[in-house]
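For reference, the structure is listed below as structure tokens.
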Amino acid sequence: MLNWYAVYTRPRSEKKLADALAKLGVEHYLPVLRTRKKWSDRYKWVEEPLFASYLFVRIDLEGQSLTVLKTAHAVNFVTTAGEAVAISDADMELLRLAVDNFAESLTIRDTSALTAGETVRIKDGPFAEKEAVIERIQGKTLVVVAFPGLNKSVQVEIPVEQIARP
Numbered sequence: 004m005l006n007w008y009a010v011y012t013r014p015r016s017e018k019k020l021a022d023a024l025a026k027l028g029v030e031h032y033l034p035v036l037r038t039r040k041k042w043s044d045r046y047k048w049v050e051e052p053l054f055a056s057y058l059f060v061r062i063d064l065e066g067q068s069l070t071v072l073k074t075a076h077a078v079n080f081v082t083t084a085g086e087a088v089a090i091s092d093a094d095m096e097l098l099r100l101a102v103d104n105f106a107e108s109l110t111i112r113d114t115s116a117l118t119a120g121e122t123v124r125i126k127d128g129p130f131a132e133k134e135a136v137i138e139r140i141q142g143k144t145l146v147v148v149a150f151p152g153l154n155k156s157v158q159v160e161i162p163v164e165q166i167a168r169p
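Position one of the sequence shown corresponds to residue 4 (the working numbering), numbered consecutively onward.
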């Protein structure tokens, strides 16, 4: 029976694994978003995977799992209690619809590594290169920070992508 599974890839190897699976005839899906990246001298539009180090395959797990795992750049299936987790066709369809129809407004950012009270450095924007303290994490896209260098508490919402550890 064919089901969708998430495959964990080597870092920055999602497209390479997708190409290798295509050559093997394995049905796969790599959701990508077009984003604008800043280099030191210019901006450039690039396609980046929606989920870093993940790719989705639709396979018969018993018959094709080794084919997928033996492919260069594949690390393992996403598992729970040692079992590969099947993803429903409905969930995959929702993901495809979101990527195809709302790509410009889709953002996925990981705030799990940030904690309240942590000192961070602002990378971009008007507060670039300033240190701040995380007051609270607001959803997955914004962090409210305070600047202790000022004698008053000023709280500003900063997008997660503009924050780095010092």
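Glycine residues also receive a C-beta, built at the ideal position from the N, C-alpha and C atoms.
- Distance from the Cα of Q165 is smallest, within the candidate group E138, K133, R139, for K133.
- Y46 sits exposed, since fewer than 16 C-beta atoms from the chains shown fall within 10 Å of its C-beta.
- Cβ-Cβ distances below 6 Å link N79 to Y11 in the same chain, with the five nearest sequence neighbours on each side left out; the list follows chain order.
- Membership of A77 in the beta strand (DSSP E) is indicated by the continuous run 77-80.
- The DSSP-derived three-state label of K133 is coil.
- Taking the Cα positions, A89 is about 13 Å away from L58.
- Rounded to the nearest whole angstrom, the CA to CA distance from G120 to E138 is 6 Å.
- Listed as beta-bridge partners of K41 by DSSP are Y46.
- Closest in alpha carbon position to E50, among A106, T118, I140, is A106.
- Taking C-beta separations shorter than 8 Å and ignoring five residues to either side along the sequence, the partners of T82 in its chain run V88, following chain order.
- Contact annotation: the region 88-104 does not touch the region 16-29, with fewer than three C-beta pairs closer than 8 Å.
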